[in-house]
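Mapping the sequence shown onto our numbering, position 64 (from 1) lands on 65, and the numbers just tick up by one.
Quick notes on the structure that follows.
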Amino acid sequence: MRRALTLVCLTLVLALAACTGLPTTGYVNPGRGPQSDDAQAFAFVPDGPQDDATPTEIVEGFLRAGSGPADDWATAKLFLAPGTQWDPRARVTIDRLADRRASAAADGSSVSVSVTATAEVDAAGAYAPTASGTAETLSFALTRVDDQWRITSAPDGVVLYEEVFPTVYQTASIAYFDPTFSFIVPDVRWFPRALVASRVATALVEGQPSTWLAGAVATAFPDELSLVGRSVTLSQNGVAQVQLPQAALSLDRTRLDRMQTQLVRSLATAGISDVQMTVDGTPIAATEVQVRVTRVDPSPAVLTTAGVFGSLAGDAVEPIGALSDAVESLAPVAVALEADGSLAAVRTPQGAVASALADGRTFLLDERAGLITPSIDAEGVVWSVPATAPTQLRAITPEGVPRDVGNAWPDAAEITAMQISRDGTRIAAVVTVSGNREVWVAGIERLNGAIDLGPPHVLSFSKPGSFDLAWLDDTTVGVLSRTDGVSTLHQLGVGGGGTDAVAPEGTRTLAAGSTSVRVLDDQGRLFSRRGSSWTLIASDIRVLAAQQGTTS
2 MRRALTLVCL TLVLALAACT GLPTTGYVNP GRGPQSDDAQ AFAFVPDGPQ
52 DDATPTEIVE GFLRAGSGPA DDWATAKLFL APGTQWDPRA RVTIDRLADR
102 RASAAADGSS VSVSVTATAE VDAAGAYAPT ASGTAETLSF ALTRVDDQWR
152 ITSAPDGVVL YEEVFPTVYQ TASIAYFDPT FSFIVPDVRW FPRALVASRV
202 ATALVEGQPS TWLAGAVATA FPDELSLVGR SVTLSQNGVA QVQLPQAALS
252 LDRTRLDRMQ TQLVRSLATA GISDVQMTVD GTPIAATEVQ VRVTRVDPSP
302 AVLTTAGVFG SLAGDAVEPI GALSDAVESL APVAVALEAD GSLAAVRTPQ
352 GAVASALADG RTFLLDERAG LITPSIDAEG VVWSVPATAP TQLRAITPEG
402 VPRDVGNAWP DAAEITAMQI SRDGTRIAAV VTVSGNREVW VAGIERLNGA
452 IDLGPPHVLS FSKPGSFDLA WLDDTTVGVL SRTDGVSTLH QLGVGGGGTD
502 AVAPEGTRTL AAGSTSVRVL DDQGRLFSRR GSSWTLIASD IRVLAAQQGT
552 TS
């Protein structure tokens with residue numbers, strides 16, 4: 002029995018050794034990245050080509066070797082014939098294990114592989130889901146080299162099963178500023194784990210924001226500036242050094258401080274805590290700038306069934322000055338509260354959108370039919386739109402001066418819910434396209450007084466039954482859906498990925514908390530979720546407000 006157990010253990014160890022191991026090459030990436038799973042402790046080391054392998058086996062082995070980015074995918078390149086050009090960085094196709102099929106020509110000179118893609122990552126690391134069941138055929142040409150089959154033509158990029166992808170790649174955020182340089186805006190990307198620090202620095206200094214976000218954010222790095230070398234190196238005292246050219250010395254201190262801020266915030270998501278810009282090995286004098294926080298007030302803002310509006314503290318509701326009186330006078334069915342507590346946007350029982358100001362005044366802003374719950378941006382402007390006319394989105398000053406928003410939700414037939422991110426650069430919405438409910442985000446572009454939305458970016462092609470939405474943090478959008486009487490909270494990463502959890506029965510409103518998620522059900526019960534459990538925190542609540550920040 003003991004000998005049998007020993008053989009089983011030995012077999013398991015050998016099997017693991019064939020596909021995993023400690024990373025031995027690549028750029029410096031000290032510390033743990035933004036994900037805390039144990040997958041970061043190892044890297045895949047796939048097998049190279051086996052002697053006398055068939056054309057199909059060569060192609061299948063080549064695809065599996067895409068999981069090993071060490072030394073610029075050196076193992077995968079062993080499957081290629083000499084002189085074959087292949088760019089593994091061009092894209093990542095994420096597919097389903099059960100759906101991958103390979104078939105070879107009778108003479109072995111070509112192999113076709115059909116895959117069902119669930120998402121793609123482009124050369125810049127930007128993630129995009131694909132429509133459900135998107136089929137793709139990959140074509141490979143082969144020839145004999147020293148009497149062994151090798152690939153002479155292969156599609157650029159790698160193909161990874163959806164279960165393997167988050168083990169080989171990890172998320173990191175490229176830090177940009179909003180156009181006023183008041184907020185940091187994360188642009189989430191996916192990079193190979195062994196290369197993440199270098200790829201983050203290169204993307205920030207030499208790259209561009211994701212296409213959908215580009216017109217909504219700003220960077221301090223000049224277009225003509227580039228990295229010296231392609232790596233992030235560690236000094237003897239553990240500081241990560243990012244080497245810049247001589248041209249960096251001519252930049253003013255304000256720009257340098259903003260560059261330092263972007264580097265520190267970006268590389269922190271790659272597990273690096275201390276960063277220094279250098280020229281010819283000499284540190285550049287620069288310090289981080291202060292930016293506005295986007296956390297939500299720990300106290301929920303609510304309207305009770307008794308008609309009292311304010312911040313919930315224990316069992317009591319504390320009024321927010323004269324603003325509370327103004328909100329209460331409108332008897333709202335939905336409320337959005339500005340970060341500093343000076344403005345609220347409400348939807349009235351009659352379906353109109355109105356504003357409530359800190360001095361007690363109220364203004365009727367929008368009386369169009371079928372308006373959904375409004376949102377407030379970082380400039381204190383109220384956004385309003387009819388459910389059946391998504392393109393008729395308007396941005397209205399608190400006193401009632403409207404501006405149309407250009408390029409609003411093209412091709413969408415209906416909009417169910419929307420909210421603007423707390424940094425004011427992005428808007429998320431549940432829209433209906435060709436009969437399907439989808440979740441979109443778009444950048445908010447402001448130029449010469451005009452407001453436009455950038456091209457929409459799909460977070461989810463299929464979220465049936467979705468009815469409410471909220472920014473839970475800077476990189477996560479929460480969506481509530483109800484199907485067959487079951488309420489579900491979907492937490493969607495703006496850069497890809499997500500989780501689903503059962504929500505309390507009858508949930509009807511979703512809002513972000515400071516360190517939690519808050520929902521209100523149709524019986525007036527307010528719940529908070531930390532981790533995986535829901536806790537009842539209040540009853541007799543009529544409205545749970547969306548808070549665009551903290552009032553303190």
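For glycine and all other residues, C-beta sits at the position ideal for the given N, C-alpha and C.
One or two residues paired with residue i in a DSSP bridge
{"i": "Glu446", "result": "Asp453"}
{"i": "Glu121", "result": "Thr94, Ala129"}
{"i": "Asn437", "result": "Val434"}
{"i": "Thr234", "result": "Gln242"}
{"i": "Gly479", "result": "Ala471, Gln492"}
{"i": "Ala302", "result": "Ser312"}
{"i": "Pro50", "result": "Looking at the DSSP assignment, Pro50 forms no beta bridge with any residue, so it has no partner."}
{"i": "Thr172", "result": "Trp191"}
{"i": "Leu214", "result": "According to DSSP, Leu214 bridges with nothing at all."}
For residue j and residue i, the rounded distance between their alpha carbons
{"i": "Ala546", "j": "Asp341", "result": "14 Å"}
{"i": "Val434", "j": "Pro465", "result": "12 Å"}
{"i": "Gly450", "j": "Val383", "result": "16 Å"}
{"i": "Ile452", "j": "Ala418", "result": "20 Å"}
{"i": "Ala269", "j": "Gly514", "result": "24 Å"}
{"i": "Tyr28", "j": "Thr295", "result": "At Tyr28, the pLDDT of 30 sits below 50, so the modelled position is not reliable and the matter cannot be decided from this model."}
{"i": "Arg509", "j": "Leu358", "result": "26 Å"}
{"i": "Ala202", "j": "Asp501", "result": "32 Å"}
{"i": "Leu521", "j": "Leu344", "result": "22 Å"}
{"i": "Gly455", "j": "Pro156", "result": "30 Å"}
{"i": "Ala5", "j": "Phe45", "result": "Any reading at Ala5 needs caution, since the residue's pLDDT is 38, under 50, leaving its predicted position unreliable; the model's value is listed next. Distance between the alpha carbons of Ala5 and Phe45 is about 28 Å."}
{"i": "Ala286", "j": "Gly498", "result": "38 Å"}
{"i": "Ala103", "j": "Ala118", "result": "15 Å"}
{"i": "Gln41", "j": "Arg543", "result": "Reliability fails at Gln41, whose pLDDT of 41 lies under 50, so the model's placement of it is uncertain and no value is given."}
{"i": "Gly361", "j": "Pro320", "result": "12 Å"}
{"i": "Val336", "j": "Arg348", "result": "7 Å"}
{"i": "Phe141", "j": "Trp150", "result": "12 Å"}
{"i": "Asp253", "j": "Pro223", "result": "12 Å"}
{"i": "Ser529", "j": "Val518", "result": "6 Å"}
{"i": "Ala217", "j": "Val186", "result": "10 Å"}
{"i": "Val60", "j": "Pro387", "result": "52 Å"}
{"i": "Glu137", "j": "Glu163", "result": "15 Å"}
{"i": "Asp523", "j": "Pro457", "result": "32 Å"}
{"i": "Pro70", "j": "Ala271", "result": "17 Å"}
{"i": "Thr55", "j": "Val189", "result": "40 Å"}
8 Å contact criterion, which residue i and residue j should meet: CB distance rounded
{"i": "Leu481", "j": "Phe462", "result": "With a Cβ gap of about 18 Å, Leu481 and Phe462 do not count as contacting."}
{"i": "Phe63", "j": "Ala77", "result": "6 Å"}
{"i": "Val160", "j": "Gly67", "result": "6 Å"}
{"i": "Val93", "j": "Gly158", "result": "6 Å"}
{"i": "Ile377", "j": "Ile428", "result": "Going by Cβ atoms, the distance from Ile377 to Ile428 rounds to 11 Å, so no, they are not a contact pair."}
{"i": "Thr206", "j": "Ser227", "result": "According to the sequence provided, residue 206 is Val. The question's Thr does not apply to it. Rounded, the Cβ-Cβ distance is 7 Å, consistent with contact."}
{"i": "Val112", "j": "Thr57", "result": "6 Å"}
{"i": "Ser199", "j": "Ser232", "result": "5 Å"}
Residue i and residue j closer than 9 Å at C-beta
{"i": "Pro47", "j": "Arg65", "result": "yes"}
{"i": "Val431", "j": "Val440", "result": "yes"}
{"i": "Ala173", "j": "Ser267", "result": "yes"}
{"i": "Gly479", "j": "Asp298", "result": "no"}
{"i": "Gly496", "j": "Phe184", "result": "no"}
{"i": "Val303", "j": "Gly315", "result": "no"}
{"i": "Glu415", "j": "Gly381", "result": "no"}
{"i": "Leu214", "j": "Tyr177", "result": "yes"}
{"i": "Ala332", "j": "Thr363", "result": "no"}
{"i": "Val229", "j": "Val276", "result": "no"}
{"i": "Ala1", "j": "Thr392", "result": "No statement about residue 1 is possible, as the shown extent of the chain runs from 2 to 553 and does not include it."}
{"i": "Arg97", "j": "Val122", "result": "no"}
{"i": "Val503", "j": "Leu511", "result": "no"}
{"i": "Thr1", "j": "Ala221", "result": "Lying before the first or after the last residue shown, residue 1 is absent from the chain, which here runs from 2 to 553."}
{"i": "Ser356", "j": "Glu289", "result": "no"}
{"i": "Pro403", "j": "Leu366", "result": "yes"}
Host alpha helix (DSSP H) of residue i (start-end)
{"i": "Phe166", "result": "166 to 169"}
{"i": "Ala77", "result": "71 to 78"}
{"i": "Gly322", "result": "322 to 330"}
{"i": "Gly62", "result": "56 to 65"}
{"i": "Leu161", "result": "No alpha helix (DSSP H) contains Leu161, which is instead part of the beta strand (DSSP E) from 159 to 162."}
Enclosing beta strand (DSSP E) for residue i [first to last residue]
{"i": "Leu473", "result": "467 to 474"}
{"i": "Arg519", "result": "518 to 522"}
{"i": "Val354", "result": "354 to 358"}
{"i": "Ser199", "result": "Looking at the DSSP string, Ser199 is not in any beta strand (DSSP E); the run it does join, the alpha helix (DSSP H), is 197 to 207."}
{"i": "Val265", "result": "Counting along the chain, Val265 falls outside any beta strand (DSSP E), though it belongs to the alpha helix (DSSP H) covering 254 to 269."}
{"i": "Pro403", "result": "403 to 407"}
{"i": "Gly84", "result": "Neither: Gly84 is in no beta strand (DSSP E) and is coded neither H nor E."}
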